[in-house]
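The sequence shown lines up with residues 105 to 372 when you count with my numbering. Cβ atoms here follow ideal geometry from the backbone N, Cα and C, with glycine treated the same way. Nothing here was measured: the structure is a model prediction, and the numbers come from that model.
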Amino acid sequence: MIDNLFNWGAGIVVVAAILSASIKIIPEYERAVLFRLGRLVGVRGPGLIFIIPIIDRIVRVSLRIIVYDVPAQEVITRDNVTCRVNAVLYYRVISPDKAVVNVEEYHEAINQLAQTTLRSVIGTADLDELLSRRDKLNHTIQVIVDEATDSWGIKVTAVEIKDVVLPAEMQRAIARQAEAERNRRAAVIQAEGERQAAERLAQASEILSSSEGGLTLRMLRSLTDISNSENTTVLFPLPIELRKILPETERIMQGIARNRQANPDSVE
105 MIDNLFNWGA GIVVVAAILS ASIKIIPEYE RAVLFRLGRL VGVRGPGLIF IIPIIDRIVR
165 VSLRIIVYDV PAQEVITRDN VTCRVNAVLY YRVISPDKAV VNVEEYHEAI NQLAQTTLRS
225 VIGTADLDEL LSRRDKLNHT IQVIVDEATD SWGIKVTAVE IKDVVLPAEM QRAIARQAEA
285 ERNRRAAVIQ AEGERQAAER LAQASEILSS SEGGLTLRML RSLTDISNSE NTTVLFPLPI
345 ELRKILPETE RIMQGIARNR QANPDSVE
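Structure representation (structure tokens):
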């Protein structure tokens, strides 16, 4: 009786072990690449799958996007400027069977490919392009790496150049260049403002001189502004016409005075 119970218990344990080894649950974000006696059978999942213990073997592959931080690379641009550049790479597996069969350790393979491609692409660009046209370089690197990994069942979705570290001497040179450019723009803006002001002053002067009473109107407006100020001393300029007749008036007054001195009896 005891032997029978032991046999039954052992059988249940064996069956449970076989079922446990045969039943696999694959999540939605993974796929199982199934091999039977070393031969590729296909891709299974997601959900519940059954395999034959000892005969079958599965390799789990994630379908989620993988973010790889490309280490900083020492590169030389086309105009012979040495700098350190790092980037970030986004990729995912679209064919799990190719990723397992066609390449060993596809993560490491993509990492090495990304580093070499980053160096080679930046080597074809000059420093100005590296600093101002990163989108173009990002797209070029993404296309090259994506084409190379297509046979691996990998899709490279994006590449972004993050940091560009320049030597201290080059940073100072760029700072001086930027300052010179700002000064040049400020000088151009100032000169343009002075030119426009001169043109408007010339137009205003022409209008005032061509219109009758223009100068008088301008003087009256100035008097109005002066009356609203708090100054106690006002230097008032005489009109040009009045200054022209002042010498003549002075000569007339001097002649009258001399005449009175010569004929005092004639003055009533």
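Through-space distance from residue j to residue i, alpha-carbon basis
i, j, result
"Ile258", "Val174", "17 angstroms"
"Gln246", "Val260", "7 angstroms"
"Ser199", "Trp256", "8 angstroms"
"Thr228", "Asp250", "19 angstroms"
"Asp267", "Tyr210", "26 angstroms"
"Val147", "Gln216", "27 angstroms"
"Gly142", "Pro157", "13 angstroms"
"Ile127", "Ile153", "6 angstroms"
"Leu138", "Val163", "7 angstroms"
"Glu178", "Pro271", "11 angstroms"
"Ala203", "Ile248", "18 angstroms"
"Ile155", "Ala252", "34 angstroms"
"Arg140", "Ile116", "26 angstroms"
"Asp183", "Gln300", "42 angstroms"
"Arg238", "Ser224", "15 angstroms"
"Gly297", "Leu305", "12 angstroms"
"Gln294", "Lys240", "36 angstroms"
In DSSP terms, what residue i is bridged to
i, result
"Lys128", "Ile153"
"Ser166", "Glu134"
"Glu178", "Arg188"
"Leu234", "According to DSSP, Leu234 bridges with nothing at all."
"Val171", "Tyr194"
"Arg161", "Phe139"
For residue i, the first and last residue of its enclosing alpha helix (DSSP H)
i, result
"Leu241", "Arg238 to Thr253"
"Leu222", "Tyr210 to Ile226"
"Val205", "Pro200 to Val205"
7 angstroms Cβ shell around residue i - same chain, five flanking residues per side excluded
i, result
"Leu167", "Tyr133, Glu134, Arg135, Arg196 and Val197"
"Ala191", "Val174, Leu222, Val263, Glu264, Ile265 and Lys266"
"Ile170", "Tyr195 and Arg196"
"Val205", "Leu144"
"Asn242", "Val263, Glu264 and Ile265"
"Gly149", "Ile130, Glu134, Arg135 and Ala136"
Classification of residue i by the beta-carbon crowding that lies within 10 angstroms, buried from 16 upward
i, result
"Ala121", "exposed"
"Asp160", "buried"
"Val292", "exposed"
"Leu123", "exposed"
"Ile180", "exposed"
"Gly151", "exposed"
"Val269", "exposed"
"Ala373", "The displayed coordinates of the chain run from 105 to 372. Any statement about residue 373 would go beyond what the structure contains."
"Ile226", "buried"
"Val371", "Note that Val371 scores a pLDDT of 46, beneath 50, so its modelled location is shaky; the value from the coordinates is reported in the next line. Classification of Val371: exposed, given that the 10 Å Cβ count is below 16."
"Thr220", "exposed"
"Leu234", "buried"
"Leu193", "buried"
Proximal residues to residue i (C-beta, below 6 angstroms), its chain only, five neighbours per side dropped
i, result
"Val207", "Ala213 and Trp256"
"Val185", "Leu231"
Residue i: first and last residue of the uninterrupted beta strand (DSSP E) it sits in
i, result
"Ala262", "Ile258 to Val269"
"Leu144", "Arg143 to Arg148"
8 angstroms CB neighbourhood of residue i in its chain, flanking five on each side removed
i, result
"Ala176", "Arg188, Val189, Asn190, Asp267 and Val269"
Closer than 8 angstroms to chain B by CB, residue i
i, result
"Arg362", "In the displayed structure, chain B is absent; only one protein chain is listed."
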